[in-house]
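Each residue of the sequence shown is one higher than the one before, counting from 150 in our numbering.
The beta carbon of each residue, even a glycine, is placed where N, CA and C say it ideally should be.
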Amino acid sequence: MSPFTLLGILKRENVQSKEKVEKQEKEIESLTRETRKNLLIKGVEDKEDEKRVETMAKVVKIINAIGAEINSEKHIDESVRMGKYKPMSIRPIMMKMITGESKMDILRKANNLKGTNLGIDEVLQRKYKKKEEN
150 MSPFTLLGIL KRENVQSKEK VEKQEKEIES LTRETRKNLL IKGVEDKEDE KRVETMAKVV
210 KIINAIGAEI NSEKHIDESV RMGKYKPMSI RPIMMKMITG ESKMDILRKA NNLKGTNLGI
270 DEVLQRKYKK KEEN
C-alpha cells in the first residue's frame with residue numbers, strides 16, 4: 150500500500166470522526182437544553198408502591214401551597230421519583246416542566262417552603278456543579 154492511499158484513508162477517517170463528534174455534541178446540547186427545564190423536589194413523603202399519579206398529585210399539592218400559577222396539565226410534562234425505594238430515605242421527585250417560564254415561576258415561589266422539610270431546586274448539570282463547588 151502506498152503512503153498516499155494510507156494518507157487518504159486516514160484523512161477520510163478523520164473527517165468521519167469529526168462529523169460523528171459534531172453530531173454527538175449537538176445531541177448533548179439538545180439533552181442539556183431539555184434538562185434545564187427540570188426541577189427537583191426534595192423531602193416529599195415517599196412510599197414503596199407509589200404510583201406516578203400519586204406522585205403527580207403530591208407535586209400539584211406543593212405547587213398550589215406555594216402559590217405558583219401553574220396548571221399541571223399545561224406546564225408539567227411528568228413527575229417521577231428518582232432511584233429505587235429505600236425504607237429509611239426519601240427519593241427526590243424530578244419534575245419535567247414544559248416551559249422554562251413555568252420552571253422560573255415555581256423557583257420564585259419556592260422560598261414559601263422555608264420552615265418546612267421540603268425544597269425545590271434546579272437540576273444542575275455535572276459541569277455546572279463542579280464550577281459551583283470550586
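Skipping 5 residues on each side, what residues in its chain have a beta carbon closer than 8 Å to that of residue i?
i	result
M205	S221, I225, E227 and S228
L188	M243, M244, M246, K252, I255, L256, I269, D270, E271 and V272
Ends of the beta strand (DSSP E) at residue i?
i	result
K245	I242 to M246
S228	I225 to R230
With C-beta atoms as the reference, is residue i less than 8 Å away from residue j?
i	j	result
I211	I190	yes
G249	K186	yes
In this structure, how does DSSP classify residue i when only helix, strand and coil are distinguished?
i	result
L159	helix
K167	helix
I177	helix
V272	coil
L262	helix
Would you kindly report the start and end of the unbroken alpha helix (DSSP H) that includes residue i?
i	result
N213	R201 to I215
L256	G249 to K258
In chain order, what residues of the same chain lie with their CB nearer than 6 Å to the CB of residue i, ignoring the 5 residues before and after it?
i	result
G232	R240
Quick test of your reading: residue i and residue j, contact by CB under 8 Å. State the CB separation rounded to the nearest angstrom.
i	j	result
G192	N261	The Cβ separation is near 14 Å, so there is no contact.
E199	R230	7 Å
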